[in-house]
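K.L.:
Take a look at this one; I'll ask things after.
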Amino acid sequence: MNLIERYVFREWLKAFVLVLGFLCGLTLLQDLANNLGDFRNYGASMESVCRYYFCLLPGYLPWLIPISLFISILLSLGGMARRNEIVALRACGTSLPMACRLVLVAALALAGCVYGLNSEWAPWSVEETRELKESFLRDDQVKRGLPETEIGTTRNIRFDNKRSHRLWHINRFNEITKEAYDLQVFVRDSTGVELYRISAALAWRDRENGTWQFRDGRYMSFRTDSGLYRYSAAKGLMVSGPNISPDVNSTQLMNLPRIPQIAKTFDLMELRDFDEKPEIFALLRKKPKDLSLRELNQALQAFPSVENTALRPLAIRRREILLAPLGCLFAAFIAIPFSVTGSRRGTGVGLARALGLFVCYYLVLTAANSLGEAGVLGAEVAGSLPSIVMALLAGFLLWRSR
5 MNLIERYVFR
15 EWLKAFVLVL
25 GFLCGLTLLQ
35 DLANNLGDFR
45 NYGASMESVC
55 RYYFCLLPGY
65 LPWLIPISLF
75 ISILLSLGGM
85 ARRNEIVALR
95 ACGTSLPMAC
105 RLVLVAALAL
115 AGCVYGLNSE
125 WAPWSVEETR
135 ELKESFLRDD
145 QVKRGLPETE
155 IGTTRNIRFD
165 NKRSHRLWHI
175 NRFNEITKEA
185 YDLQVFVRDS
195 TGVELYRISA
205 ALAWRDRENG
215 TWQFRDGRYM
225 SFRTDSGLYR
235 YSAAKGLMVS
245 GPNISPDVNS
255 TQLMNLPRIP
265 QIAKTFDLME
275 LRDFDEKPEI
285 FALLRKKPKD
295 LSLRELNQAL
305 QAFPSVENTA
315 LRPLAIRRRE
325 ILLAPLGCLF
335 AAFIAIPFSV
345 TGSRRGTGVG
355 LARALGLFVC
365 YYLVLTAANS
375 LGEAGVLGAE
385 VAGSLPSIVM
395 ALLAGFLLWR
405 SR
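Numbering (this note's numbering), first residue to last: 5 to 406.
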């Protein structure tokens, strides 16, 4: 590590600290402008609001760090280029990559930091800040005198568990108690023929026994080749039994209505073979960008690979998060040649070119997400496409400035 490398690193580090601090402050101000009015209406305390913004920042750092790295390299090396210091370095026999060796090492270290943030701190930040915002809303609902069953509820949840051939329709789900209200569960065989249907006013999962409890409802069984399903309280299962005498109204045509052969009410039904986790129901109503990496993995594990429609947005988002550390390397490899080529008329020109590059990246990201969600591209390809484009651009700029 010679004097030139230390000088370049010092110039970059000063710019990086200033840019990162500026972007962090700008991000917090933007969130304040969006949410402070709601927090005030909810009656949130100053301590809770301060805690919210303390927890918010780690969730922003994984994408603020690559942007700060890119802009700081543009500012530091661009300033050196305008002062003809880059020309002097090359005249001394020092190539630009060698002069920026410490900056590249720092970019690699920052990539590791982004990976660590995405693994541990960013999931905690996303979940904690969302929980704080929801707690502000729940406290406001309590103050307004809403019924307890209405506080913290999400409406109209549909969960198609194709692995176990069960389709859930939930009218209301309480995210606090993890209880489902006014729900129906349609159970089918592997060919899609409905075996039985459960309707209940209330359902919850017993965490100690791992069973689902249904209260105040009824079940209906349909004639199938495997027989009629009846509830066995001793086994805690719906078990197959013999069919009732043939029904003239029954039909094998799938486009005609099927008449239930058994319809029984119950006060309490315990089903031991239902393994759905209620936390998944709440995640299904949230946008992928509002979920942490841990929650994305949890939601994706609940879906088999054939459920492409529900899987694609989550898988694309997870792929983007996993590839986020590469953004630091792409930022360095693009910014170094980008800052010393082209016009040297001023900092504004370089920043304008950088803004154009950000716009192009955003367009590629939006197009990749749209094509991935539509099924034109695979989820893994759609999530990787922006990184692939950035890698090609970095290679082109490095070749051009060789």
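The C-beta atom is built at its ideal place from N, Cα and C for all residues, glycine as well.
Short of 8 Å in beta carbon distance, which residues of its chain neighbour residue 400, apart from the five on each side in sequence? Order them along the chain.
P.N.:
Looking up residue 400 in the sequence shown gives position 396. If we look at residue 400 and ignore the five residues flanking it on each side, it has no Cβ neighbours.
K.L.:
Write down the C-beta distance between residue 4 and residue 339 rounded to the nearest angstrom, noting that I regard them as a contact closer than 8 Å.
P.N.:
Because residue 4 is not part of the residues shown, which for the chain are 5 to 406, the question remains open.
K.L.:
I'd like the span of the alpha helix (DSSP H) that includes residue 337, first residue to last.
P.N.:
Indexing the sequence shown from 1 puts residue 337 at position 333. Counting along the chain, the alpha helix (DSSP H) containing residue 337 begins and ends at 330-344.
K.L.:
Between residue 390 and residue 371, what straight-line distance do the alpha-carbon atoms span, to the nearest angstrom?
P.N.:
Position 386 of the sequence shown, counted from the first residue, corresponds to residue 390. Position 367 of the sequence shown, counted from the first residue, corresponds to residue 371. Going by the C-alpha atoms only, they are around 9 Å apart.
K.L.:
Buried or exposed: which applies to residue 195, given that a residue is buried once 16 or more other Cβ atoms fall within 10 Å of its Cβ?
P.N.:
As a position in the sequence shown, residue 195 is number 191, starting the count at 1. Residue 195 should be labelled exposed.
K.L.:
Three-state secondary structure (DSSP) at residue 193?
P.N.:
By one-based count along the sequence shown, residue 193 stands at place 189. Three-state result, residue 193: coil.
K.L.:
State the Cα-Cα distance for the pair residue 184 and residue 205, rounded to the nearest angstrom.
P.N.:
Numbered from its first residue, the sequence shown carries residue 184 at position 180. Numbered from its first residue, the sequence shown carries residue 205 at position 201. So the two alpha carbons sit approximately 8 Å from each other.
K.L.:
Since I believe residue 121 is in contact with residue 66 (beta carbons under 8 Å), could you give me their beta-carbon distance rounded to a whole number of angstroms?
P.N.:
Sequence index remark: in the sequence shown, residue 66 carries index 62 (1-based). Sequence index remark: in the sequence shown, residue 121 carries index 117 (1-based). Separation of the CB atoms of residue 66 and residue 121 is rounded to 5 Å, and the pair is thereby assigned contact status at 8 Å.
K.L.:
State the DSSP-derived secondary structure class of residue 231, mapped to helix, strand or coil.
P.N.:
As a working note, residue 231 is residue 227 in the sequence shown. Of the three classes helix, strand and coil, the one that applies to residue 231 here is coil, per DSSP.
K.L.:
Is the beta carbon of residue 384 less than 8 Å from the beta carbon of residue 319?
P.N.:
Within the sequence shown, residue 384 is the residue found at index 380, counting from 1. Within the sequence shown, residue 319 is the residue found at index 315, counting from 1. Against a cut-off of 8 Å, the Cβ pair of residue 319 and residue 384 comes out as a contact.
K.L.:
What do you get for residue 38, buried or exposed, if any count of 16 or more other CB atoms within 10 angstroms of its CB means buried?
P.N.:
For the purposes of this step, residue 38 is taken as residue 34 along the sequence shown, with counting starting at 1. So residue 38 counts as exposed.
K.L.:
Between the beta-carbon of residue 27 and the beta-carbon of residue 76, is there less than 8 Å?
P.N.:
One-based indexing of the sequence shown puts residue 27 at position 23. One-based indexing of the sequence shown puts residue 76 at position 72. Result no, Cβ atoms of residue 27 and residue 76 do not sit closer than 8 Å.
K.L.:
Throw me the rounded Cβ distance for the residue 270 and residue 240 pair, which I believe falls under 8 Å.
P.N.:
As a first step, residue 270 is located in the sequence shown; it is residue number 266 there, counting from the start. As a first step, residue 240 is located in the sequence shown; it is residue number 236 there, counting from the start. The Cβ separation is near 13 Å, so there is no contact.
K.L.:
Rounded to whole angstroms, what is the Cα-Cα separation between residue 123 and residue 297?
P.N.:
Taking the first residue of the sequence shown as position 1, residue 123 is located at position 119. Taking the first residue of the sequence shown as position 1, residue 297 is located at position 293. Each residue's alpha carbon lies about 7 Å from the other.
K.L.:
Counting only C-beta atoms, is residue 265 closer than 8 Å to chain C at any point?
P.N.:
Reference to chain C is not applicable here, since this structure consists of a single protein chain.
K.L.:
From which residue to which residue does the alpha helix (DSSP H) around residue 61 run?
P.N.:
The residue you call residue 61 lines up with position 57 of the sequence shown. Note, residue 61: alpha helix (DSSP H), 50-86.
K.L.:
In this structure, what does DSSP give as the bridge partners for residue 169?
P.N.:
Here residue 169 refers to the residue found at position 165 when the sequence shown is read from its first residue. Paired residue(s): none; residue 169 is not in a bridge.
K.L.:
Based on the DSSP secondary-structure assignment, which residues constitute the bridge partners of residue 216?
P.N.:
Taking the first residue of the sequence shown as 1, we reach residue 216 at position 212. The partner list for residue 216 (beta bridge, DSSP) reads 209 and 275.
K.L.:
Which whole-angstrom value describes the C-beta separation of residue 144 and residue 56, a residue pair presumed to lie in contact below a C-beta threshold of 8 Å?
P.N.:
On the sequence shown, residue 144 is found 140 positions in, with the first residue counted as 1. On the sequence shown, residue 56 is found 52 positions in, with the first residue counted as 1. Not really, about 15 Å apart at Cβ, beyond 8 Å.
K.L.:
Which one or two residues does DSSP pair with residue 163 in a beta bridge?
P.N.:
As a working note, residue 163 is residue 159 in the sequence shown. DSSP output for residue 163 lists 172 as bridge partner(s).
K.L.:
Whole angstroms are fine: how far does the CA of residue 224 sit from the CA of residue 257?
P.N.:
Within the sequence shown, residue 257 is the residue found at index 253, counting from 1. Within the sequence shown, residue 224 is the residue found at index 220, counting from 1. Residue placement at residue 257 is flagged as unreliable, the pLDDT there being 45, under the threshold of 50; the coordinate-derived value follows with that caveat. Each residue's Cα considered, the two are about 19 Å apart.
K.L.:
Would you say the region 159-171 touches the region 80-100, given that touching needs at least three Cβ pairs under 8 Å?
P.N.:
no
K.L.:
Taking the continuous beta strand (DSSP E) assigned at residue 241, which residues delimit it?
P.N.:
Taking the first residue of the sequence shown as 1, we reach residue 241 at position 237. Note, residue 241: beta strand (DSSP E), 241-245.
K.L.:
Here's the rule: buried if 16 or more other CB atoms are within 10 angstroms of the residue's CB, otherwise exposed. What is residue 253?
P.N.:
On the sequence shown, residue 253 is found 249 positions in, with the first residue counted as 1. Confidence at residue 253 is low in this model, with a pLDDT of 48, below 50, so its placement is unreliable and the value that follows should be read with caution. Exposed, because fewer than 16 other Cβ atoms sit within 10 Å of the Cβ of residue 253.
K.L.:
Which residues in the same chain as residue 188 place their Cβ atom closer than 6 Å to its Cβ, once the five residues preceding and following it in sequence are excluded?
P.N.:
Start at 1 with the first residue of the sequence shown, and residue 188 comes out as number 184. Once the five neighbours on either side are set aside, the close Cβ partners of residue 188 are 173 and 203.
K.L.:
Identify the residues that DSSP records as bridge partners of residue 202: which are they?
P.N.:
What you label residue 202 is simply residue 198 of the sequence shown in a count that begins at 1. Residue pairing by DSSP places residue 202 opposite 189 and 223 in a beta bridge.
K.L.:
Roughly how many whole angstroms lie between the Cα atoms of residue 386 and residue 375?
P.N.:
Translated into positions along the sequence shown, residue 386 becomes position 382. Translated into positions along the sequence shown, residue 375 becomes position 371. When rounded, the distance between both Cα atoms is 7 Å.
K.L.:
For residue 52 and residue 136, I'd like the C-alpha separation in whole angstroms.
P.N.:
Here residue 52 is taken as the residue at index 48 of the sequence shown, counted from 1. Here residue 136 is taken as the residue at index 132 of the sequence shown, counted from 1. Spanning the two alpha carbons is a distance of roughly 8 Å.
K.L.:
By Cβ distance, which residues of its chain are closer than 6 Å to residue 274, with the 5 residues on each side in sequence left out?
P.N.:
The count along the sequence shown starts at 1 and reaches residue 274 at position 270. Once the five neighbours on either side are set aside, the close Cβ partners of residue 274 are 215, 217 and 240.
K.L.:
Could you tell me which of 129, 21, 130 and 54 sits nearest to residue 80, measuring between CA atoms?
P.N.:
Looking up residue 80 in the sequence shown gives position 76. Closest option to residue 80, Cα to Cα, is 21.
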